[in-house]
Amino acid sequence: MNRYESTSAWRDVDDYFIEALVSEDEALVAARESGATTTMPNAEVAANHGALLGLLVQIAGAKRVLEFGTLAGYSTIWFARAVGDDGNVITLELEEQNAAIARENIARAEVQDRVEVRVGPAADSARELIDSGAPPFDLVFIDADKPSNPRYLEAALELTRSGAIIVIDNVVRDGAVVQPDTNDARVHGVREVVDDISRNPGLEATALQTVGLKGWDGLIIARRK
Ligand code: DHB
Ligand code: MG
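Residues 1042 to 1266 (the numbering used here) make up the sequence shown, in order.
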C-alpha cells in the first residue's frame, strides 16, 4: 500500500471508535478540514490519536507542551484543551502560510490565549527557547520534517526535565522503518532518533504501530527518567 492508504476495514474501525468515544467539535472539524490547504495536506493526526495526545497530557498532568510541526493546528488544539486554561502550548511551524491557517483554527477553538505559534525552522525556534531560558516543558510532540528528528530530540532533551514525555509521530511509515537499502531521508531520520533513544540511559520508551484512517504508521512514546 502507498502512504496514507487505508483498508476499508481499518477505516470502519477508526470511524466506529471515533464516533463512539471521541467528540470532535466544530473547531476541530474545521482545523482538520483546513489541513487540506496547508503545504502538507492530510498530515494531521487522526481524531483518535488527537484524543490520545490529549489524554497523555492529562494523565501526566502536563501544563507546558512544545510541538514541533503545527500545520493547521489540529493536534495543537487537542493539546491546548488538555493543558487547561492555566497551561500553555508553544508550537513551531516552518511556513507562514500554515501558521496563518493554524492561528485561525486556534482562535476558532478559543484557545489562542494559551497557544503561541512560532514561525521559522523549528531547530532555530527551539534554539531560541533554549537560549532564552524557557521554563521546562512537560510534554514534547515531535511531528515536523522527519530527517530532523534527531535534532528535535536533542532540543527536547534540553527543554525538559525528569518525568517529561516525548512523543514522536510517523515512525513506521508503511513499514519502511525496517526496509533495508532505503534512501528515504525521512526513514533515516526515524532510525537515527530510535538509535539515539536506545543509547540514552536517561530515556525509557516504546513504539506502537497503528492502522486506521491514516494507513499504517506509528508513534514512539518516551519518558525522561
Ligand atoms: C508525513 C508527516 C506527518 O507528520 C504525518 O503525520 C504524515 C506524513 C510525511 O512526512 O509524509
Ligand atoms: Mg505526523
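Backbone N, C-alpha and C fix where the C-beta goes; we use that ideal spot for every residue, glycine too.
This structure is a prediction, so every number in the text was calculated from the model and none was measured.
So, for residue i: in the same chain, excluding its five sequence neighbours on each side, which residues have a beta-carbon less than 8 Å away from its beta-carbon?
i, result
"residue 1079", "1112, 1113, 1136, 1138, 1139, 1142"
"residue 1062", "1089, 1092"
"residue 1096", "1123"
"residue 1069", "1088, 1091, 1115, 1118, 1119, 1150"
State the DSSP-derived secondary structure class of residue i, mapped to helix, strand or coil.
i, result
"residue 1096", "helix"
"residue 1046", "coil"
"residue 1214", "coil"
"residue 1251", "strand"
"residue 1231", "helix"
"residue 1152", "coil"
"residue 1091", "helix"
"residue 1112", "coil"
"residue 1244", "strand"
Looking at residue i and the ligand DHB, is the gap between the Cβ and the nearest heavy atom below 8 Å?
i, result
"residue 1215", "no"
"residue 1224", "no"
"residue 1255", "yes"
"residue 1232", "no"
"residue 1210", "yes"
"residue 1055", "no"
"residue 1127", "no"
"residue 1227", "yes"
Which whole-angstrom value is the C-beta distance of residue i and residue j, which I expect to be below 8 Å?
i, j, result
"residue 1266", "residue 1230", "Not really, about 24 Å apart at Cβ, beyond 8 Å."
"residue 1169", "residue 1131", "Actually they do not touch by this definition, with Cβ atoms about 11 Å apart."
"residue 1209", "residue 1183", "5 Å"
"residue 1256", "residue 1215", "6 Å"
"residue 1155", "residue 1166", "18 Å between Cβ atoms; not a contact."
Closest by CA to residue i, which one among the options?
i, options, result
"residue 1161", "1133, 1238, 1206, 1103", "1133"
"residue 1107", "1099, 1150, 1207, 1055", "1207"
"residue 1100", "1215, 1204, 1170", "1204"
"residue 1195", "1058, 1109, 1148", "1109"
"residue 1249", "1057, 1069, 1259, 1167", "1259"
"residue 1149", "1247, 1233, 1117, 1174", "1117"
"residue 1176", "1193, 1202, 1188, 1187", "1202"
"residue 1067", "1083, 1052, 1119", "1119"
"residue 1234", "1047, 1200, 1189", "1189"
"residue 1185", "1085, 1057, 1240", "1085"
"residue 1236", "1251, 1261, 1223, 1222", "1261"
"residue 1115", "1144, 1072, 1128", "1072"
"residue 1247", "1254, 1232, 1263", "1263"
"residue 1064", "1127, 1252, 1087", "1087"
Closer than 8 Å: is that where the CB of residue i sits relative to any heavy atom of the ligand MG?
i, result
"residue 1086", "yes"
"residue 1186", "no"
"residue 1110", "yes"
"residue 1083", "no"
"residue 1241", "no"
Please go through the same chain and pick out, in chain order, the residues whose beta-carbon is closer than 7 Å to the beta-carbon of residue i, but skip the five residues on each side of it.
i, result
"residue 1046", "1256"
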